[in-house]
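Chemist: Residue numbers (my numbering), protein chains in the order written: chain A, 1 to 156; chain B, 157 to 272; chain C, 273 to 766; chain D, 767 to 953. Beta carbons are placed, not taken as given, at the ideal position from N, Cα and C, and that holds for glycine. These figures come from a predicted structure and were not determined experimentally. Sharing a structure below in structure tokens format, with a few things to ask.
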Amino acid sequence: MKGKKQSGMTFIVKTITNLIIGFMMVFGAYVVLYGHITPGGGFPGGVMIALAYILITLAYGRKVVESMVSGVAGSVGDDIGALAIIILGFIGLWIGGTFLFNFLPKGTPFELFSAGHIIIYNLAIMLKVGMSLYIVFLALAILQRVVVTRNENEEN
Amino acid sequence: MTLYFLNFVLLIIGLYALVFKRHIVKKILGVAIMEYAVNLFLILLGFRKSGVPPILMKDMDMATFIRTAVDPLPQALVLTSIVIGLGTLALMVAMAIRLYERYGTFDMDEIKRLRG
Amino acid sequence: MSVLLPLFTTIPVFSAILMLLVGKFDKKYFPRIWSILTSLSLLFILAAIWGKGTIIHEMGGWKPPFGVVLVKDNLSQLMLLVVNVVTFLTVIYSYSYMRKYEDYLRFFTLFLFMLAGMNGVVLTGDLFNLFVFLEIASIASYALVGYGIDAEELEASFKYLILGALASIFILFGIGMIYSVTGSVNMADVARFIIDNGLADNKAILMATGLFILGFGLKAGLVPFHAWLPDAHSSAPAPISVMLSGVLIKVLGIYSLMRIFYSMIGMTSVVSNILLVMGSISMLVGAFMGFGQDDMKRMFAFSSISQMGYIAVGIGIGTPLAIIGALFHLLNHAVFKSLLFLSSGAIQTSTGTRNLSELGGLRKSMPVTSGASVIGALSIAGVPPFNGFWSKLIIIVAAFSAGYIWLGAILVLTAFLTLAYYLRFQKNVIFGEPTPNMKDVREAPFLMLMPIVIFAVLCLLGGIFNGWLISNIIAPAQSVIMNQMAYISSVLGI
Amino acid sequence: MNEIIILHLLLVFMIIGAFVTVEIKNMLSAVISIGAVGFALSMMFLFLGAPDIAITQVIVEILSLILLIRATVNVDNVAIEEKGESVFSNRTALIFVGIILVFAWIAFHSLPSFGEPLMRVSRFYLIHGLREVGATNFVTSVILDFRAYDTYGEAMVLFVSISGAFAILRRWKREQDKDFLRIDREH
Chain A
1 MKGKKQSGMT
11 FIVKTITNLI
21 IGFMMVFGAY
31 VVLYGHITPG
41 GGFPGGVMIA
51 LAYILITLAY
61 GRKVVESMVS
71 GVAGSVGDDI
81 GALAIIILGF
91 IGLWIGGTFL
101 FNFLPKGTPF
111 ELFSAGHIII
121 YNLAIMLKVG
131 MSLYIVFLAL
141 AILQRVVVTR
151 NENEEN
Chain B
157 MTLYFLNFVL
167 LIIGLYALVF
177 KRHIVKKILG
187 VAIMEYAVNL
197 FLILLGFRKS
207 GVPPILMKDM
217 DMATFIRTAV
227 DPLPQALVLT
237 SIVIGLGTLA
247 LMVAMAIRLY
257 ERYGTFDMDE
267 IKRLRG
Chain C
273 MSVLLPLFTT
283 IPVFSAILML
293 LVGKFDKKYF
303 PRIWSILTSL
313 SLLFILAAIW
323 GKGTIIHEMG
333 GWKPPFGVVL
343 VKDNLSQLML
353 LVVNVVTFLT
363 VIYSYSYMRK
373 YEDYLRFFTL
383 FLFMLAGMNG
393 VVLTGDLFNL
403 FVFLEIASIA
413 SYALVGYGID
423 AEELEASFKY
433 LILGALASIF
443 ILFGIGMIYS
453 VTGSVNMADV
463 ARFIIDNGLA
473 DNKAILMATG
483 LFILGFGLKA
493 GLVPFHAWLP
503 DAHSSAPAPI
513 SVMLSGVLIK
523 VLGIYSLMRI
533 FYSMIGMTSV
543 VSNILLVMGS
553 ISMLVGAFMG
563 FGQDDMKRMF
573 AFSSISQMGY
583 IAVGIGIGTP
593 LAIIGALFHL
603 LNHAVFKSLL
613 FLSSGAIQTS
623 TGTRNLSELG
633 GLRKSMPVTS
643 GASVIGALSI
653 AGVPPFNGFW
663 SKLIIIVAAF
673 SAGYIWLGAI
683 LVLTAFLTLA
693 YYLRFQKNVI
703 FGEPTPNMKD
713 VREAPFLMLM
723 PIVIFAVLCL
733 LGGIFNGWLI
743 SNIIAPAQSV
753 IMNQMAYISS
763 VLGI
Chain D
767 MNEIIILHLL
777 LVFMIIGAFV
787 TVEIKNMLSA
797 VISIGAVGFA
807 LSMMFLFLGA
817 PDIAITQVIV
827 EILSLILLIR
837 ATVNVDNVAI
847 EEKGESVFSN
857 RTALIFVGII
867 LVFAWIAFHS
877 LPSFGEPLMR
887 VSRFYLIHGL
897 REVGATNFVT
907 SVILDFRAYD
917 TYGEAMVLFV
927 SISGAFAILR
937 RWKREQDKDF
947 LRIDREH
């Protein structure tokens, strides 16, 4: 059993991961969407959702997660998130004459769609931050494979 | 006032780790400690005695809220500074791994010697 | 007109991200051509807003102290000119130089982000915003210095990263203190608050001043904090050494120091004395260390430290003539230091080495590069027909007329030292006998030669038309930076 | 008043944790103790009335722990013993630190006293924030509307550092150092 490349951690970790993943995703989405009413915002929510995927990587190994969200899809999502921020800024420049102008109606406070372009920004930041931190972790996890084999070579 | 001073001591500890420790990861930890100290300093500046978080609840009326709310501007600055700290940390960890791969050691003086 | 200001930071970022998306299909030619087009478009925008006086752009439509504001006055205009011209020529140069490092996509993304960061620092009128864009430019330059992933480059870029992060933390601590005392982060608003309440000798402002000098002095590579500069400049790829030496240490270091001490806190005698001491020590250390270097790029890096010492001394003296001399030397140094680093890159690609001992007699095998690097060496040494002579002369005259006799002596001594070690560089690299391994050396490719020749021509033109240059570009910048009240009233609109 | 006492206790705990991080020999325990410092910091943010920052600090703390453990555990997790004297002798360092601490003590006296911030600009955010922006979380309204350009810059900082990390980690020169570290071409 020792020689086989064991992907992911023990059974206990896997079952706990299955339980936690749902809560993390929902809480992350809540933090992002209600960022302008309660504490939170695009950034913490995005990192929370990235941490959910990183937890899957740690528990089940890289291959399982790659099937869900591959490295290339991650970097494309990262670029799209960044593009969304800039395009929103340019729309503000076009409509309001100044970059990043809040061109959407303000709505009534305490409602979900209440603060103009803030909610769209939160979504764009969530996409960008979540995807970029996920692919950085993938890059570091890939490298781990190479260095680990180095240790095993030294043993035998 | 003593909180500002204790925070400055924390900054000095981070600076000590960064300058005098020779292990690369210790230097990275030193930078992280200094980031914590600076972020804490900015939030300490914005604190208001018996202050309320700057988030309006449904039942709050505006007048008391404006009189007691904590300063939101340093919090905006700290959110950006935490992200910058995370970005720098990711770059430092990547460099530390590649440096270890190249030199086989984490000791900066050893690396300087090997570099010739 | 003010709509064009945010384009300086958004167009490089927008095209870098588009390049990443499209670059998945064509990794070889699209990134390089796209970056050249981007930097060219920025030059056109600069031409559109040139000479229109002070332009303000309030981000998000909020009045200055409450929102972030972009301010383009004559000093920012001069810095934008330096940054965008050097970047445009460097991007053309790296079209063929980067063939050695196959990954063009990643390189030009980081390059365009560094350009956006520098444009952001130059244009912003907000202290914390200056810190954010300073971080963008610095983090991009940390990764670019270690781009070759060799053993030395990684060690050099890690040391640069650690010291850079240290400088950013001190700058942020200083911004915190300024915010706590004055209640605002907008530079003009802080300046008005300091003047109205007479806070100039407030202890917290004094500590913030010390922290800023520490942080921005480290970014400018002035002496007590220059440890990272020689390693970072010599182990970086040639276009990156050009950007680091030519513009990055000027924009992040010298320009920020000038903007903070002339437009915000106000130049006190304490600050000017510190700058004088740091500048003169930098000059001497840079000049003396420049002698012993065998690696060509390390020698140029040490001479950058000593030339930055000239500019710091010019700012420290503070008289109008000294500021004109400092700004003119800043412009000239960007031109001839870029020329020297570009030619060192060309020599390295053709001969495979940059050690002065192994090189010799390049004038026959590489006529254009050696001719241009002779012009560069002469102009940095301050030989009359070229631009270096005039700016050094103005700073020396300003030092003597301001009564700093011993400082003028150091200035003259450094000028001769620089002349000495650049003559040594010319003698054995260009005019000496061709060393054995220099036989089959071919000239550098055309796209690397074109920027080198353009920079050489600029050195010559800068020397001949220095009168026009000073009156049209440098003097307006000097009058704007010296006049703090005009800056406050134009930004805050009172 | 007990709020201030709790803040002092947490800050002293952070200083002890930071000192442990710096002086401890084993790298893994150093990383764990900096985790403790980070979590104490996020509790301080809660007491200082900054819930946004507390959430962000906790999340970023977890991520940086993962990154730091990633850099230390797989390799050798025992720090190299300090051989010989470091660059400056410790006496000069202590004197230098002493001078800075004294100067900092004087400078902190002229800051506005703790708990009474000037709030010249942020009073405008509190008064006009609800009507002009419509968000009830004023920190988010400052981040994404009043000073949205900073957040634009921050998003680009993260983008640059991630692509910079990729530039450093790319597979380009790894084959060359085969003689130095026997790396098994696994795939």
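1) Using a threshold of 8 Å, is the CB atom of P303(C) nearer than that to any non-hydrogen atom of the ligand ZN?
2) Would you please state the rounded distance, in angstroms, between the beta carbons of I726(C) and L361(C)? I believe it to be under 8 Å.
3) With DSSP run on the structure shown, which of helix, strand or coil describes N627(C)?
4) In the DSSP assignment, find the unbroken beta strand (DSSP E) run with K344(C) in it and report its ends.
5) Using a Cβ-Cβ cut-off of 6 Å (strictly less than) and excluding sequence neighbours within five positions of M536(C), which residues of its own chain qualify?
6) Quick one: does G77(A) have its CB under 9 Å from some CB of chain E?
7) Please report how far the alpha carbon of A50(A) lies from the alpha carbon of K335(C), in whole angstroms.
8) Going by beta-carbon coordinates alone, are V519(C) and M390(C) separated by less than 9 Å?
9) Please return the same chain residues whose Cβ sits closer than 7 Å to the Cβ of Y414(C), not counting the five positions on each side in sequence.
10) Apart from the five residues on each side of it in sequence, which residues of its chain come closer than 7 Å, Cβ to Cβ, to V453(C)?
11) For chain A, check one thing: does any of its Cβ atoms lie closer than 9 Å to the Cβ of S795(D)?
12) Which whole runs of the alpha helix (DSSP H) in the stretch 487-522 of chain C are 4 residues long or more, in chain order?
13) Hey, P817(D) and I211(B): beta-carbon distance below 9 Å or not?
14) Candidates F405(C), A409(C), A439(C): which alpha carbon is nearest T917(D)'s?
15) Note down, in chain order, every chain A residue with its Cβ under 8 Å from the Cβ of I289(C).
16) Would you say K106(A) reaches chain D, if we count a Cβ-Cβ gap shorter than 9 Å as a contact?
17) Given a cut-off of 9 Å, decide if P209(B) and A188(B) are closer than it, judged by their beta-carbon atoms.
18) Closest to L127(A) by C-alpha separation, out of M24(A), I54(A), A82(A), would be which residue?
19) So, does the stretch 887-903 of chain D touch the stretch 370-378 of chain C, judging by three or more C-beta pairs under 8 Å?
20) Looking at C-beta atoms only, is the number of pairs between the stretch 767-774 of chain D and the stretch 817-829 of chain D that lie closer than 8 Å three or more?
21) Return the Cβ separation of L426(C) and R204(B) in integer angstroms, given the expectation that the two are a contact with Cβ distance under 8 Å.
22) Given that a residue counts as buried once 16 or more other Cβ atoms are within 10 Å of its Cβ, and exposed if not, what is E154(A)?
23) What is the rounded straight-line gap between the Cα of M248(B) and the Cα of L416(C)?
24) Pull up the distance between the alpha-carbon of F379(C) and that of A933(D), whole angstroms please.
25) For chain B, find out if any of its Cβ atoms is closer than 9 Å to the Cβ of A504(C); answer yes or no.
26) Consider the Cβ of I253(B): report whether some Cβ of chain A lies at a distance smaller than 9 Å.
27) For a test of the three-state rule: what should DSSP assign to A584(C), helix, strand or coil?
28) Look at the alpha carbon of A758(C) and the alpha carbon of L599(C), and state the distance between them as a whole number of angstroms.
29) Below 8 Å on the Cβ atoms is my contact criterion, and I expect S410(C) with S440(C) to pass it. Report the Cβ-Cβ distance as a whole number of Å.
30) Can you check which of these residues, A84(A), G107(A), I91(A), Y60(A), is closest to V10(A) by C-alpha distance?
31) Could you tell me whether the stretch 531-548 of chain C touches the stretch 556-566 of chain C, where touching means 3 or more Cβ pairs closer than 8 Å?
32) Quickly, what does DSSP pair I327(C) with across the bridge? List them, please.
33) Rounded to whole angstroms, what is the Cα-Cα separation between G739(C) and I596(C)?
34) Counting along the chain, where does the alpha helix (DSSP H) carrying N18(A) start and finish?
35) Starting from the beta carbon of F197(B), find every residue of chain C whose beta carbon is closer than 8 Å, and list them in chain order.
36) Using the beta-carbon of each residue, which ones in chain B are nearer than 7 Å to L433(C)?
Modeler: Quick answer:
1) Inclusion of the ligand ZN in the displayed structure is not the case, the ligand content being empty and no account of it being possible.
2) In the third sequence, residue 726(C) corresponds to position 454, counting from 1. In the third sequence, residue 361(C) corresponds to position 89, counting from 1. The Cβ separation is near 6 Å, so the contact holds.
3) The residue you call residue 627(C) lines up with position 355 of the third sequence. Taken through DSSP and simplified to helix, strand or coil, N627(C) comes out as strand.
4) One-based indexing of the third sequence puts residue 344(C) at position 72. Start and end: 341-344.
5) Your numbering for residue 536(C) matches position 264 in the third sequence. Excluding positions up to five away in sequence, the list reads M459, V462, A463.
6) Of the chains in the structure shown, none is chain E; the protein chains are A, B, C and D.
7) Residue 50(A) sits at position 50 when you count from the first residue of the first sequence. Residue 335(C) sits at position 63 when you count from the first residue of the third sequence. A straight line joining the alpha-carbon of A50(A) with that of K335(C) spans about 37 Å.
8) Taking the first residue of the third sequence as 1, we reach residue 519(C) at position 247. Taking the first residue of the third sequence as 1, we reach residue 390(C) at position 118. Yes, Cβ-Cβ distance for V519(C) and M390(C) is below 9 Å.
9) Reading the third sequence from its first residue, position 142 is the one you call residue 414(C). Around Y414(C): S429, Y432, L433, G436.
10) Looking up residue 453(C) in the third sequence gives position 181. Same-chain partners within the cutoff: L471, N474, A476, I477.
11) Start at 1 with the first residue of the fourth sequence, and residue 795(D) comes out as number 29. Judged by the 9 Å Cβ criterion, S795(D) is not in contact with chain A.
12) 500-507, 510-515
13) Against the fourth sequence, residue 817(D) aligns to sequence position 51. Against the second sequence, residue 211(B) aligns to sequence position 55. The Cβ atoms of P817(D) and I211(B) sit closer than 9 Å to each other.
14) Counting from one through the fourth sequence, the residue named residue 917(D) turns up at place 151. The shortest Cα separation from T917(D) among F405(C), A409(C), A439(C) belongs to F405(C).
15) Your numbering for residue 289(C) matches position 17 in the third sequence. Chain A residues near I289(C): D79, A82, L83, I86.
16) Stepping through the first sequence from its first residue, residue 106(A) is reached at position 106. Answer yes: the Cβ-Cβ gap between K106(A) and chain D drops below 9 Å somewhere.
17) Locating residue 188(B) in the second sequence gives position 32, where the first residue counts as 1. Locating residue 209(B) in the second sequence gives position 53, where the first residue counts as 1. Against a cut-off of 9 Å, the Cβ pair of P209(B) and A188(B) comes out as no contact.
18) Along the first sequence, one-based indexing puts residue 127(A) at 127. The shortest C-alpha separation from L127(A) is found at A82(A).
19) no
20) No contact exists between the stretch 767-774 of chain D and the stretch 817-829 of chain D.
21) Position 154 of the third sequence holds residue 426(C). Position 48 of the second sequence holds residue 204(B). With a Cβ gap of about 47 Å, L426(C) and R204(B) do not count as contacting.
22) Against the first sequence, residue 154(A) aligns to sequence position 154. Any reading at E154(A) must be qualified, since the residue scores a pLDDT of 43, below 50, and its modelled position is unreliable; no value is offered.
23) Counting from one through the second sequence, the residue named residue 248(B) turns up at place 92. Counting from one through the third sequence, the residue named residue 416(C) turns up at place 144. Using only the alpha carbons, I get a separation of about 14 Å.
24) Counted from its first residue, the third sequence places residue 379(C) at position 107. Counted from its first residue, the fourth sequence places residue 933(D) at position 167. C-alpha separation (whole angstroms): 8 Å.
25) Reading the third sequence from its first residue, position 232 is the one you call residue 504(C). No, its Cβ sits nowhere closer than 9 Å to a Cβ of chain B.
26) One-based indexing of the second sequence puts residue 253(B) at position 97. For I253(B), the answer is yes, since a Cβ of chain A falls inside 9 Å of its Cβ.
27) What you label residue 584(C) is simply residue 312 of the third sequence in a count that begins at 1. Helix.
28) Counting from one through the third sequence, the residue named residue 758(C) turns up at place 486. Counting from one through the third sequence, the residue named residue 599(C) turns up at place 327. Going by the C-alpha atoms only, they are around 20 Å apart.
29) Looking up residue 410(C) in the third sequence gives position 138. Looking up residue 440(C) in the third sequence gives position 168. Contact flag correct, Cβ pair sits at about 7 Å.
30) Locating residue 10(A) in the first sequence gives position 10, where the first residue counts as 1. Going by the sequence as given, residue 10(A) is Thr instead of Val. Ranking the options by Cα distance to T10(A), first place goes to Y60(A).
31) With fewer than three CB-CB distances shorter than 8 Å, the stretch 531-548 of chain C does not count as touching the stretch 556-566 of chain C.
32) Counted from its first residue, the third sequence places residue 327(C) at position 55. K344(C), per the DSSP bridge assignment.
33) Position 467 of the third sequence, counted from the first residue, corresponds to residue 739(C). Position 324 of the third sequence, counted from the first residue, corresponds to residue 596(C). Distance between the alpha carbons of G739(C) and I596(C): 12 Å.
34) What you label residue 18(A) is simply residue 18 of the first sequence in a count that begins at 1. Judged by DSSP secondary structure, N18(A) falls within the alpha helix (DSSP H) whose first and last residues are 11-33.
35) In the second sequence, counting from the first residue as 1, residue 197(B) sits at position 41. Those within 8 Å of F197(B) in chain C are F445, G448.
36) Taking the first residue of the third sequence as 1, we reach residue 433(C) at position 161. Those are L247, M248, M251, listed as they occur along chain B.
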